[in-house]
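Asker:
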Amino acid sequence: MSLLFRYVFREVAVSSLIGAVLFTFVLYLQRVGDVMELLVRADIAARDVGYLFLLTLPLPLPYTIPIGVLVGILLALGRMSTDGEITAMRAAGVPGVRAVRPIGVFCLFAAIVCGAVTLWLSPWAARERVRVGQSLQISQATARIPPRVFIEKVFPDKVLYVRDVEPGDSVIRWKGLFMADTRAPESRGSVEGLNAAVDGPRITIADEALVVARPEQNRLQIHLPRASIFEQSYDPRKYQRQTIEVGDEAIETEPEAFEGRGRELDQTETIDLWRMRNSDSDKKVDAGIFFHQRFALPIACLVLPLVGIPLSISTQRSGRSVGVVLALGLVFIYYMFLLAGTALAQEDVLPPGPAVWAANLIFALVGVRLLSQLDSPNRSDWLAILSRPVTRWVKRVRSGSSDTGEVPQFDEARRRKAEQAEKAKRRNESLFDVFFPITDRYVLQRFAFYFVLMLAAFVSIWVVFSFFELLTDMLAHDKLALFLPYIYYLLPFLFYETAPLAVMVATLVCFGLLAKHHELTAFRACGISLYRLAAPVLLASMFVSGALFALDHYTLPETNRRQDAIRDEIKDRPARTFLNADRQWTFGMDERIFYHHYFDWGKREMAPIFIYDFRLEPFDLKRHIYAKRARWDESKRVWVFEEGWVRELDAGRVTRFEQFDTATFPDIRETPEYFRKENKPYQQMNSNELEAYIRELN
Numbered sequence: 008m009s010l011l012f013r014y015v016f017r018e019v020a021v022s023s024l025i026g027a028v029l030f031t032f033v034l035y036l037q038r039v040g041d042v043m044e045l046l047v048r049a050d051i052a053a054r055d056v057g058y059l060f061l062l063t064l065p066l067p068l069p070y071t072i073p074i075g076v077l078v079g080i081l082l083a084l085g086r087m088s089t090d091g092e093i094t095a096m097r098a099a100g101v102p103g104v105r106a107v108r109p110i111g112v113f114c115l116f117a118a119i120v121c122g123a124v125t126l127w128l129s130p131w132a133a134r135e136r137v138r139v140g141q142s143l144q145i146s147q148a149t150a151r152i153p154p155r156v157f158i159e160k161v162f163p164d165k166v167l168y169v170r171d172v173e174p175g176d177s178v179i180r181w182k183g184l185f186m187a188d189t190r191a192p193e194s195r196g197s198v199e200g201l202n203a204a205v206d207g208p209r210i211t212i213a214d215e216a217l218v219v220a221r222p223e224q225n226r227l228q229i230h231l232p233r234a235s236i237f238e239q240s241y242d243p244r245k246y247q248r249q250t251i252e253v254g255d256e257a258i259e260t261e262p263e264a265f266e267g268r269g270r271e272l273d274q275t276e277t278i279d280l281w282r283m284r285n286s287d288s289d290k291k292v293d294a295g296i297f298f299h300q301r302f303a304l305p306i307a308c309l310v311l312p313l314v315g316i317p318l319s320i321s322t323q324r325s326g327r328s329v330g331v332v333l334a335l336g337l338v339f340i341y342y343m344f345l346l347a348g349t350a351l352a353q354e355d356v357l358p359p360g361p362a363v364w365a366a367n368l369i370f371a372l373v374g375v376r377l378l379s380q381l382d383s384p385n386r387s388d389w390l391a392i393l394s395r396p397v398t399r400w401v402k403r404v405r406s407g408s409s410d411t412g413e414v415p416q417f418d419e420a421r422r423r424k425a426e427q428a429e430k431a432k433r434r435n436e437s438l439f440d441v442f443f444p445i446t447d448r449y450v451l452q453r454f455a456f457y458f459v460l461m462l463a464a465f466v467s468i469w470v471v472f473s474f475f476e477l478l479t480d481m482l483a484h485d486k487l488a489l490f491l492p493y494i495y496y497l498l499p500f501l502f503y504e505t506a507p508l509a510v511m512v513a514t515l516v517c518f519g520l521l522a523k524h525h526e527l528t529a530f531r532a533c534g535i536s537l538y539r540l541a542a543p544v545l546l547a548s549m550f551v552s553g554a555l556f557a558l559d560h561y562t563l564p565e566t567n568r569r570q571d572a573i574r575d576e577i578k579d580r581p582a583r584t585f586l587n588a589d590r591q592w593t594f595g596m597d598e599r600i601f602y603h604h605y606f607d608w609g610k611r612e613m614a615p616i617f618i619y620d621f622r623l624e625p626f627d628l629k630r631h632i633y634a635k636r637a638r639w640d641e642s643k644r645v646w647v648f649e650e651g652w653v654r655e656l657d658a659g660r661v662t663r664f665e666q667f668d669t670a671t672f673p674d675i676r677e678t679p680e681y682f683r684k685e686n687k688p689y690q691q692m693n694s695n696e697l698e699a700y701i702r703e704l705n
């Protein structure tokens with residue numbers, strides 16, 4: 008193994024490793040969110056948390072390894088071009104193929120690693136991650152009920168509300184339990200034989216309850232030292248109450264899935280995909296696409312460098328930045344071909360195999376053609392050709408003149424006007440130099456360039472990963488056309504998420520290059536301290552921080568709402584509404600719970616309506632109101648209840664009962680707007696809305 012072989016191999020390997028790690032970290036942040044949410048919401052052993060974090064790591068590797076290999080090759084060759092090593096090799100008579108051989112060996116090694124990850128490790132990690140996460144989430148759902156929140160989806164046909172939670176090692180104490188059994192009377196039975204005559208939910212109220220989690224049985228064991236059960240009938244005069252001195256109740260749980268629906272093919276073993284693509288199942292085409300992708304992505308470690316190597320081997324000084332730009336361009340083109348092939352396969356225009364492999368075939372043909380001309384004396388310097396328009400534009404901007412080469416002709420009036428404009432320009436530049444001297448502009452230009460470059464790189468890799476993440480759902484529900492609108496509204500969120508990391512990397516690269524070229528030493532020799540050099544970068548970082556605050560406050564809530572809506576449509580989920588006028592359970596301003604079946608916002612009517620008022624010490628039912636309808640009287644600003652009754656209770660005994668045709672209760676101050684509150688996810692709130700929401704919860 009020659010010295011040149013080892014040198015090129017080491018350069019490419021180090022750069023590729025750095026690129027793959029950086030891109031993997033960006034995508035890792037995207038997939039680790041549900042693990043972080045589980046960590047915050049539940050008491051989980053450190054071993055289980057570490058295992059989940061470790062299982063998340065292989066998921067982005069099938070996409071980041073090919074990109075990391077391409078970026079590493081282009082960075083290494085770009086650095087060699089900048090330092091004149093490519094020119095020195097050719098001057099010494101070393102053919103370009105000698106530099107290609109170690110790169111080919113490294114690409115083959117990367118393809119083998121990527122193949123192992125894609126074919127075996129990533130599907131296994133996805134399955135194991137779902138299994139472990141689901142188990143932990145079941146434990147969390149049975150052991151951790153948040154206080155002062157209606158729990159409607161975790162327990163089938165039951166609604167829970169707990170005023171306070173006192174956690175413990177194995178036993179959890181609930182203070183102030185309200186539980187409603189919403190099953191039909193025929194299914195749940197009745198307290199004292201009311202059977203089908205029962206109307207409304209059965210209510211269980213307890214001042215305290217001791218809770219033991221049974222995750223292995225997927226249920227919750229509740230011990231009630233003392234509880235009261237209330238049940239009403241269609242006959243207003245019948246009202247049943249039962250007191251339990253000591254009781255136990257077991258309720259089944261249905262926690263939400265740890266991962267969203269539609270990722271079964273991501274978790275399917277490769278051999279099972281092969282069987283599915285040869286079967287007559289509805290997922291035959293989708294399985295074929297995923298099967299071929301698991302082989303096509305490792306081969307991308309070979310075909311992408313075929314095009315990248317001839318483009319990056321240049322006699323001109325290009326630098327690492329050109330390598331990153333070239334890599335982004337090639338990756339974008341490759342995945343656009345892959346996207347087009349996937350769409351053709353879904354429409355049955357092409358079989359899944361040719362459709363998926365078309366991108367690799369095109370890049371292989373172009374790469375072989377370019378490599379065959381690598382040592383040709385008439386070979387075109389593609390890097391110089393591609394960068395020439397950009398260089399010409401930069402020179403024209405800096406000089407402020409045309410690029411025709413002709414000497415402009417001026418008459419006397421134009422000459423005076425030009426001189427005056429030049430003097431004004433110099434005055435402005437002098438004033439500008441006071442606040443932004445040339446050293447600040449020099450450092451700031453470098454920082455800004457690498458910041459934009461890193462931001463574009465991180466956003467691009469996130470977009471690519473989002474495509475493959477949603478590919479199963481887009482194929483299953485024929486929603487490929489929604490991907491571009493989804494990305495359009497996702498971009499502000501991606502900028503917001505990746506900008507801090509881009510600032511950090513740009514700062515490291517900027518000052519790292521200054522140190523490498525001994526510019527920091529030169530600045531310090533001129534009396535300029537490192538703190539002074541860092542000042543423009545600090546100001547630029549503060550500007551980026553302010554821009555992110557503005558983006559979060561004014562733009563992200565709306566764009567997140569739109570991209571969530573498109574994502575729900577891609578996944579074929581029902582459209583989510585956050586104006587909860589039709590929510591059935593609502594906690595009122597005082598110690599009061601509302602339950603209704605129907606809410607007509609236009610007419611300001613609810614039907615039927617159940618109201619439960621509580622006393623706190625001990626926690627018990629104080630008043631129970633029922634009405635067939637309740638309408639809002641805007642002139643009197645009260646609710647008018649029709650055809651109902653009211654019962655007042657003390658220690659579980661009814662002390663007052665009254666039927667009414669119409670009635671009003673002045674102490675019920677909740678207006679219709681209260682029931683139409685917009686309960687948005689935190690991603691769709693700005694800072695003011697979040698603060699108001701937190702204040703309301705407290």
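Numbers in my numbering are just positions in the sequence shown, counted from 1, shifted up by 7.
Backbone N, C-alpha and C fix where the C-beta goes; we use that ideal spot for every residue, glycine too.
(1) Got a sec? Which residues, its chain only, sit under 8 Å from Thr275 by beta carbon, not counting five neighbours each side?
(2) Check this for me: beta carbons of Asp188 and Ile229, under 8 Å apart or not?
(3) My parser needs the beta strand (DSSP E) runs of 3 or more residues fully inside the stretch 544 to 632; what are they?
(4) What is the C-beta distance between Leu304 and Pro73, in whole angstroms, given that I count them as a contact (C-beta under 8 Å)?
(5) Report the residue ranges of all beta strand (DSSP E) runs contained in full by the stretch 213 to 254; include only those spanning at least 3 residues, in chain order.
(6) Which partner residues does Asp640 have in the DSSP bridge list?
(7) In the DSSP output, which residue or residues are listed as bridge partners for Ile258?
(8) Please report how far the alpha carbon of Met186 lies from the alpha carbon of Ser194, in whole angstroms.
(9) Between Asn695, Phe12, Glu598, Val21, which has its C-alpha nearest Pro564's C-alpha?
(10) Considering only their Cβ atoms, is the gap separating Thr671 from Val645 smaller than 8 Å?
(11) Would you call the stretch 456 to 474 in contact with the stretch 498 to 506, where contact means no fewer than 3 C-beta pairs closer than 8 Å?
(12) Find the nearest neighbour of Phe617 within the set Gly315, Pro625, Glu641, Glu649, judged by alpha-carbon distance.
(13) The beta strand (DSSP E) spanning Asp171 covers which residue range?
(14) Below 8 Å on the Cβ atoms is my contact criterion, and I expect Leu351 with Ala362 to pass it. Report the Cβ-Cβ distance as a whole number of Å.
(15) Do the stretch 635 to 642 and the stretch 608 to 626 meet, that is, are 3 or more Cβ pairs less than 8 Å apart?
(16) Run through DSSP, which three-state label would Phe162 get?
(17) Per DSSP, what kind of secondary structure is Ala52 in: helix, strand or coil?
(18) Is Gly207 helix, strand or coil by DSSP?
(19) Based on the DSSP secondary-structure assignment, which residues constitute the bridge partners of Leu6?
(20) So Pro109 packs on Val15, CB below 8 Å; how close in whole Å?
(21) Under 7 Å Cβ to Cβ from Gly374, same chain only, skipping five residues before and after it: list those, please.
(22) Using C-beta distances below 8 Å, list every residue in its chain close to Thr277, excluding the 5 sequence neighbours before and after it, in chain order.
(23) So Gly183 is in the alpha helix (DSSP H); what residue range does that whole segment cover?
(24) Per DSSP, which residues does Val26 bridge with? Please list them.
(25) Name, in chain order, the residues that DSSP records as bridge partners for Gly651.
(26) Could you give the first and the last residue of the continuous alpha helix (DSSP H) run that contains Glu486?
(27) Under 8 Å, with one C-beta from each stretch per pair, do the stretch 18 to 31 and the stretch 78 to 87 reach the 3-pair mark?
(28) So what's Val2 in DSSP terms, helix, strand or just coil?
(29) Please say whether Pro154 and Glu169 have beta carbons closer to each other than 8 Å?
(30) Within 10 angstroms of the Cβ of Asp668, are there 16 or more other Cβ atoms? Answer buried if so, exposed if not.
(31) Which of the three DSSP states, helix, strand or coil, is assigned to Glu677?
(32) Buried or exposed, going by whether 16 or more other CB atoms sit within 10 Å of the CB of Gly100?
(33) Output yes or no for whether 8 Å exceeds the beta carbon distance between Gly651 and Asp627.
(34) Tell me which same chain residues have a C-beta within less than 8 Å of the C-beta of Tyr457, skipping the five on either side of it?
(35) Consult DSSP for Met536 and reduce its assignment to one of helix, strand or coil.
(36) Beta carbon of Ile273, beta carbon of Thr71: below 8 Å?
Answerer: This is what the structure gives:
(1) Pro130, Met283, Ala294, Phe297
(2) No. Outside cutoff.
(3) 592 to 594, 599 to 607, 612 to 622
(4) 6 Å
(5) 226 to 231, 234 to 240, 246 to 251
(6) For Asp640, which the question treats as bridged, DSSP gives the partners Val645.
(7) Leu227
(8) 17 Å
(9) Asn695
(10) yes
(11) Counting Cβ pairs under 8 Å, three or more are found: they touch.
(12) Glu649
(13) Run containing Asp171: 165 to 173, per the beta strand (DSSP E) assignment.
(14) 5 Å
(15) yes
(16) coil
(17) Residue state, collapsed to three classes: coil.
(18) Looking at Gly207 - three-state DSSP - the assignment turns out to be strand.
(19) Any answer about residue 6 is impossible in this case: the structure gives the chain only from 8 up to 705.
(20) 4 Å
(21) Result list for Gly374: Val310, Leu313, Val314, in chain order.
(22) Leu126, Trp127, Pro130, Phe298, Arg301
(23) Note, Gly183: premise wrong, no alpha helix (DSSP H); beta strand (DSSP E) at 178 to 188.
(24) The amino acid occupying residue 26 in the given sequence is Gly; Val does not appear at that position. Bridge partners of Gly26: none, in fact.
(25) Ala634, Phe667
(26) The question names Glu, but residue 486 in the sequence shown is Lys. First-last for Lys486: undefined, no H or E at that position.
(27) Yes: at least three Cβ pairs fall under 8 Å.
(28) Here the chain comprises residues numbered 8 to 705, so residue 2 is not present and cannot be evaluated.
(29) This sequence places Val at residue 169; Glu is not what is there. For Val169 and Pro154, yes; Cβs fall inside 8 Å.
(30) exposed
(31) coil
(32) exposed
(33) Against a cut-off of 8 Å, the Cβ pair of Asp627 and Gly651 comes out as no contact.
(34) Ser328, Val512, Ala513, Val516, Cys517
(35) A small fix is needed here, since residue 536 is Ser in this sequence, not Met. If DSSP states are grouped into helix, strand and coil, Ser536 belongs with coil.
(36) Checking the sequence shown, residue 273 turns out to be Asp, not Ile. It is not a contact, given that the beta carbons lie outside the stated cut-off.
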